[in-house]
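The structure appears right after this line, and notes come after that.
Here it is, written out as structure tokens:
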């Protein structure tokens, strides 16, 4: 079957584009590089971003704005883990939050041991945190790997 240019089973005006973004570097990543068992530490389960992670967020935020990707985003779906919410809000959120503006902050100042200013919800897409988006342990263990994620 030959296709012609511009024809598709699903016309683009009826489709949504999905962009997947992994969280920036979290403190669990740093600890896990030193000792892989740290990835399974309860203390690091809801890890926050490192300073390098925030640099990664800033770089992606800049790219998303400069490339025009931010103009076509209808919804941001994120895991409820702190590191993923920090990444999503930092990349897709509004600019710095200021008292007196008529929009709540997406992130308060210094959230999750960061030295970051509050981030505004003004001029950004809606956000929703979905439990099914976060990583989970898979049990039972296999002979090749005693702990797995999906």
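Numbering (this note's numbering), first residue to last: 872 to 1021.
Ideal Cβ positions, reconstructed from N, Cα and C, are used throughout, including at glycine.
For residue 914, the nearest candidate out of 922, 902, 924 (CA to CA): To locate residue 914, count along the chain shown from 1; it is residue 43. Taking the Cα of residue 914 as reference, the smallest distance to any Cα among 922, 902, 924 is reached at 902.
Residues bridged to residue 944 [DSSP beta-bridge criterion]: Here residue 944 refers to the residue found at position 73 when the chain shown is read from its first residue. Beta-bridge pairing links residue 944 to no other residue.
Residue-level contact to chain B via CB, residue 929, 9 angstroms cutoff: Considering every chain present, this structure includes no chain B. It has just one protein chain.
The region 893-912 in contact with the region 963-973 per 3-pair CB rule at 8 angstroms: Segment contact: the region 893-912 against the region 963-973, fewer than three CB-CB distances shorter than 8 angstroms; contact not assigned.
Bridge partner(s) assigned by DSSP for residue 998: In the chain shown, the residue the question calls residue 998 occupies position 127. Residue 998 is bridged to 947.
Same chain only: Cβ atoms within 6 angstroms of residue 918, ignoring 5 sequence neighbours per side: For the purposes of this step, residue 918 is identified with residue 47 of the chain shown, where counting begins at 1. Listed in chain order, the non-local C-beta contacts of residue 918 below 6 angstroms within the same chain comprise 897, 898, 899, 954, local neighbours out to five positions each way being set aside.
Element boundaries [beta strand (DSSP E), containing residue 976]: Indexing the chain shown from 1 puts residue 976 at position 105. Unbroken beta strand (DSSP E) run through residue 976: 976-978.
Neighbourhood of residue 972 by C-beta, 7 angstroms cutoff - its chain only, sequence neighbours within 5 removed: Within the chain shown, residue 972 is the residue found at index 101, counting from 1. By the criterion of a C-beta distance shorter than 7 angstroms, residue 972 is surrounded in its chain by 991, 993, once the five residues flanking it on both sides are discounted.
Rounded straight-line distance, which links the Cα of residue 996 to that of residue 940: For the purposes of this step, residue 940 is taken as residue 69 along the chain shown, with counting starting at 1. For the purposes of this step, residue 996 is taken as residue 125 along the chain shown, with counting starting at 1. So the two alpha carbons sit approximately 12 angstroms from each other.
Residue 924 classed as buried or exposed, judged by whether at least 16 other C-beta atoms fall within 10 angstroms: Counting from one through the chain shown, the residue named residue 924 turns up at place 53. Counting Cβ neighbours within 10 Å, residue 924 comes out buried, since at least 16 surround it.
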